[in-house]
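Numbering (our numbering), first residue to last: 21 to 575.
Heads up, the beta-carbon is just placed ideally off N, CA and C, and yes, glycines get one too.
Bear in mind that the values here come from a model prediction, so they are computed numbers and not experimental data.
Structure first, commentary second.
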């Protein structure tokens, strides 16, 4: 059968448009950083696509658990367009972000995506394509509401989905959930067995084996056989051994069909999670709103997630010390829960609630004054800290003639850090060697300068280099003869060396949907998705042009 389609995939307008975000530098704002300095925790106020790109170099393959609660496409988010384009715009928002998140995920890591019915099934098909269908783990159903909506036109919506994917399902395994008191209460010790509490388990099985089909004489003298079409769990010889070891229970009167004793000390120290999560176990929307009101009573999110829900995700998907990432941080719940559970976390938020909600909430967590959510159950008393980051402005701007030039706000340290990132080097300035500003391998370095490179400069650097070392020089201008001095030194001109590699000068990947040209009504106000407020875009991070110590604030 002839067909243009080579595989099952989801197509939509704009899917094939290539988006190339600029790999920006993150700049710490020490005035907003809080608590202990070297915890690895990061709160980033930025467009999340640009922030994820900024993290790519350092965190590719290192994030153990990604949880995101992206904006739900509820129908009124794109009220100016028809249904087909509405889904396209939402998918174009998600596609480049999910691709970057997938690259950040560790091979033994997993991604958990909260979503409702409006986009769940579109998202599932795309994630099957991105992760590979074989790496789909499950669709968790979370009971988010208790009371029915009596004004619902059709059915009262009472659940959300959490799509779960493993980076590599062959190696990823969920952790067990902690055993509850209710589970342990099922174990008793009616015969005062010195091995402790136990509970009886069926001693018969469906899979028939003739060697395990035999009569058993009970202590009372009654003879019993396995139920019809079944047999005992073990052979007669093994049964006699279990009886001798007091592992078979015949009831207090000695007249019951045999059962095997399962001791609490011998069971798994945890339980496998089910895929339906009831509100009594993990909380609901109302519980989440109460948690938010504890630190901001005036501006409560409409759909926050309860801390117990995120705790369940992190219990299954991570261990203490693992990195957890949420690139739609919202009110900061994921970061707060990860902090209380001893995980390292990275939270990214575009909106002003990064300052009004996330920042004060996480400060309270560090101080130990946040005693809501899971704090009491975790016996949380405070501790730790985080660094607050903003995004550096674009490296290149267009001048009045429409030519790309280096952003005049860049200082020497920031330019060096940015060029290192663009060229795939780790920015790590040497304290003793000026031209060693970063490295790609043990002996391959980068040097960025705004000075004109002359043959004398190249000769001087070459005299300081060890025989096994090589160097990339990025500069605004250089003499042509410099290229002929040594094959161990390569010289590239800024901005020519980076033009075309990415999109410069773009600060917002949320309100611009990058799909197709739409019919425009001249009287219609400019369209902005309902979950984005253009007046609250984060401003670029502060640059201290004359401060040589700022290199310590760059990431």
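query = Should residue 420 be flagged as near chain C, meaning a C-beta pair shorter than 8 Å?
reply = Of the chains in the structure shown, none is chain C; there is only one protein chain.
key: Test item: CB-CB of residue 89 and residue 130 under 8 Å   = no
key: As assigned by DSSP and simplified to three states, the class of residue 446   = strand
task = In the DSSP assignment, find the beta strand (DSSP E) that holds residue 258 and state where it starts and stops.
result = Counting along the chain, residue 258 falls outside any beta strand (DSSP E), though it belongs to the alpha helix (DSSP H) covering 256-264.
key: Local Cβ density within 10 Å of residue 481, reported as buried at 16 or more and exposed below that   = buried
task = Helix, strand or coil for residue 147, going by three-state DSSP, please let me know.
result = helix
inquiry  = Give me the residue from 304, 162 and 469 with the minimum Cα distance to residue 430.
reply    = 469
query = Is residue 372 helix, strand or coil when you go by DSSP?
reply = coil
Beta-carbon separation (whole angstroms), residue 116 vs residue 64, contact threshold 8 Å = Incorrect: roughly 17 Å between the Cβ atoms, too far for contact.
task = Using three-state DSSP, classify residue 392 as helix, strand or coil.
result = coil
ask   = Nearest CA to the CA of residue 70: which residue from 432, 411 and 298?
value = 411
ask   = DSSP puts residue 220 in a beta bridge; with which residues?
value = 281
task = Could you tell me the distance, in whole angstroms, from the CA atom of residue 512 to the CA atom of residue 494?
result = 5 Å
query = Across which residues does DSSP place residue 107 in a beta bridge pair?
reply = Its beta-bridge partners do not exist; DSSP assigns none.
request  = My understanding is that residue 295 touches residue 161, with C-beta atoms under 8 Å, so please give their C-beta distance in whole angstroms.
outcome  = 6 Å
Buried/exposed call for residue 525, threshold 16 Cβ in 10 Å = exposed
query = In terms of alpha-carbon separation, which member of 149, 334 and 301 lies closest to residue 196?
reply = 334
inquiry  = Using DSSP's beta-bridge definition, name the partner residues of residue 201.
reply    = The partner list for residue 201 (beta bridge, DSSP) is empty, contrary to what the question assumes.
message = Going by DSSP in three states, residue 512 sits in which element: helix, strand or coil?
response = strand
query = In its own chain, which residues sit with a C-beta less than 8 Å from the C-beta of residue 217, not counting the 5 before and 5 after it?
reply = 204, 207, 208, 209, 283 and 284
query = Distance, Cα to Cα, residue 337 vs residue 215?
reply = 33 Å
query = Which residues bound the alpha helix (DSSP H) around residue 483?
reply = 475-484
task = Thinking residue 347 and residue 312 are a contact (beta carbons under 8 Å), I'd like their distance in whole angstroms, please.
result = Residue 347 to residue 312, Cβ: 20 Å. No contact.
query = Would you report the Cα separation of residue 423 and residue 444, rounded to the nearest angstrom?
reply = 25 Å
request  = State the start and end residues of the unbroken beta strand (DSSP E) segment that holds residue 160.
outcome  = 156-163
Alpha-carbon to alpha-carbon, residue 265 and residue 177 = 54 Å
message = Between which two residues does the beta strand (DSSP E) holding residue 310 run?
response = Careful: residue 310 lies outside any beta strand (DSSP E), inside the alpha helix (DSSP H) at 305-313.
query = Excluding five sequence neighbours on each side, which residues of the same chain lie with their C-beta closer than 7 Å to the C-beta of residue 304?
reply = 163, 164, 165, 166 and 326
ask   = In whole angstroms, what separates the C-alpha of residue 200 from that of residue 280?
value = 23 Å
task = Evaluate residue 153 with the Cβ neighbour count: other Cβ atoms within 10 Å of its Cβ, from every protein chain shown; 16 or more gives buried, anything less gives exposed.
result = exposed
request  = Rank 473, 518, 139 and 487 by C-alpha distance to the C-alpha of residue 497 and give the top, closest one.
outcome  = 473
message = If contacts are defined as beta-carbon pairs under 8 Å, then residue 220 and residue 269 qualify, I think. What distance do you get, rounded to the angstrom?
response = 5 Å
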